[in-house]
Structures are given as structure tokens and as C-alpha cells.
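Enquirer: Please find one structure pasted underneath; my questions will follow.
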Amino acid sequence: MIQIEMKARVRKTIGKGAARTMRRAGNTPAVIYGPQGAPLSLECNTKDLTQSLLSIHRKNAFINLEIDEDGKKSVRHVITREIQTNPVHDNVLHADFYEVSLEKPLVFQVPLKYVGKAKGVDMVGDMTIAKNKVSVSGKLLDIPDVIEIDVTPLDLGAALTCKDLGLTAGISLVSKGDTVCVSISGSAE
Numbered sequence: 224m225i226q227i228e229m230k231a232r233v234r235k236t237i238g239k240g241a242a243r244t245m246r247r248a249g250n251t252p253a254v255i256y257g258p259q260g261a262p263l264s265l266e267c268n269t270k271d272l273t274q275s276l277l278s279i280h281r282k283n284a285f286i287n288l289e290i291d292e293d294g295k296k297s298v299r300h301v302i303t304r305e306i307q308t309n310p311v312h313d314n315v316l317h318a319d320f321y322e323v324s325l326e327k328p329l330v331f332q333v334p335l336k337y338v339g340k341a342k343g344v345d346m347v348g349d350m351t352i353a354k355n356k357v358s359v360s361g362k363l364l365d366i367p368d369v370i371e372i373d374v375t376p377l378d379l380g381a382a383l384t385c386k387d388l389g390l391t392a393g394i395s396l397v398s399k400g401d402t403v404c405v406s407i408s409g410s411a412e
């Protein structure tokens, strides 16, 4: 899983007026919440926040968020829950972060990447991709960015199901095991 570093400060003021003032100063309001404690109001540099969020857009990633609270620094592991943007100017208005534990298993959607050319396709078959993602469970650091599937050995009439993916140790499948991910159809004539 991708890790990135970000910095934030605890904010003292809350409300619409304070948020507008903060945005004019080049900062974005944010909040961190989760099972580990009470919600905490933060402010992040808008430029750094935007660049960091763009680098992990649509990817399984977590953030090592360094929080400065009156000179006392602490690091929390978070994932993004919601990012509010201005629909006209497309700038970040607010960010919600969810604090996670590195030791407890979580469920994530992991993309599938099909590599190779199936034998059945060489024999005039058609390859049908039925799934582009699967749900897996595991500790945050064990979750892969992508699961590669070699389709080279698939012959005509063959199919590959979720249980055939060959997940690494520490990762368990949440999706139904008999769900077809990819199949080769056609007849040898």
C-alpha cells in the first residue's frame, strides 16, 4: 500500500468565518476522527494538501499525518474519507481523515491487472474481463497496490475465479470465491 507524508496543525478557531479566513490565508480546514479518540480540527497548507491528494487519487494509500499542536508533534496514520471541493474553481474546501490502526485488519478494494496473452485468445477465443477489483482484508501495510493476474495459461473455455488469485500471506479474500474474474470463450473449429 502506498504511504505518503503530510503535515497539519491543530486549529483553534471553528466556524464558517474562521474557515473563510483560513482559506484566504492559503490553508484548508480538515478534521481527523476515528475509534482511537475524539475528533480533532486541523488546518493544512492548501497547496501541499492538493498535491498530496492528487498523488494518491484513486489508489489504496494511507497518510502519515504529522500534527503540530503548540510545538508538540505527533504522527497519526489516516486514510481520506471525504474531500470537499469547489465545483467551479476545483479547489479543496475541506478534508476528512479517518484514523486507522496498523495492527487491525481492514477491508479494501484492490484493482486487478491482467498481464500476458491467453492461449485461448491465440486460438481465436475472446477474453471477457468480469471483475476489475476484488475486496480483500488484511493489515494496512500488507494490502497490495494491485493484484497482477497472469492470463497466459488460460485455454478456450477456461475461467479464473476470485479464489484462484493466489493472495499473499496475511491477506484474505472478502469477495465471493466462486465469482469469475476473467474467462476465455469460443470454440476450436
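For reference, each letter of the sequence shown is one residue, going 224 to 412 in my numbering. Ideal Cβ placement from N, Cα and C applies to all residues, glycine included.
#1: Taking Cβ positions, are Y405 and L383 nearer each other than 8 angstroms?
#2: From L388 to K354, what does the alpha carbon distance come to, in whole angstroms?
#3: Between A341 and V403, what straight-line distance do the alpha-carbon atoms span, to the nearest angstrom?
#4: Mind checking which residues open and close the beta strand (DSSP E) that includes L388?
#5: Would you say K282 and I225 are within 8 angstroms of each other, going by their C-beta atoms?
#6: Decide if G260 is buried, meaning its Cβ has at least 16 other Cβ atoms within 10 Å, or exposed.
#7: According to DSSP, is M245 part of a helix, a strand, or is it coil?
#8: Within the continuous beta strand (DSSP E) that includes G343, where are the two ends?
#9: Mind checking whether G400 and C385 have CB atoms under 8 angstroms apart?
#10: Can you look up D365 in the DSSP assignment and give me helix, strand or coil?
#11: Going straight from the alpha carbon of I290 to that of Y337, what length do you get?
#12: Suppose the cutoff is 7 angstroms on Cβ atoms and the five residues either side in sequence are ignored; what does the same chain contact list for K362 look like?
#13: Leaving out five residues before and five after V298 in sequence, what residues of the same chain have Cβ atoms less than 8 angstroms from its Cβ?
#14: Please identify the residue among E322, A242, V233 whose C-alpha is closest to the C-alpha of L316.
#15: Under the rule that 16 or more other beta-carbon atoms within 10 Å means buried, what is T391, buried or exposed?
Expert: If we stick to the structure as given:
#1: What sits at residue 405 in the sequence shown is Val, not Tyr. The answer is yes: Cβ separation under 8 angstroms.
#2: A direct Cα-Cα distance of roughly 12 angstroms separates L388 from K354.
#3: Their Cα atoms are separated by approximately 16 angstroms.
#4: Looking at the DSSP string, L388 is not in any beta strand (DSSP E), and its letter there is neither H nor E.
#5: Going by C-beta atoms, K282 is nearer than 8 angstroms to I225.
#6: Counting every other CB atom within 10 Å of its CB across the protein chains shown gives G260 a total below 16, marking it as exposed.
#7: Note: M245 maps to helix in three-state DSSP.
#8: For G343, no beta strand (DSSP E) run applies; the uninterrupted alpha helix (DSSP H) run containing it begins and ends at 342 to 345, by DSSP.
#9: Contact flag set, yes.
#10: Of the three classes helix, strand and coil, the one that applies to D365 here is helix, per DSSP.
#11: Spanning the two alpha carbons is a distance of roughly 40 angstroms.
#12: Counting only Cβ-Cβ distances below 7 angstroms, and skipping sequence neighbours, we find L325, E326, P328, G393.
#13: Excluding five sequence positions before and after V298, the CB atoms of its chain that fall closer than 8 angstroms to its own CB belong to N287, L288, E289, I290, given in chain order.
#14: Ranking E322, A242, V233 by Cα distance to L316 puts A242 first.
#15: Per the 10 Å Cβ criterion, exposed.
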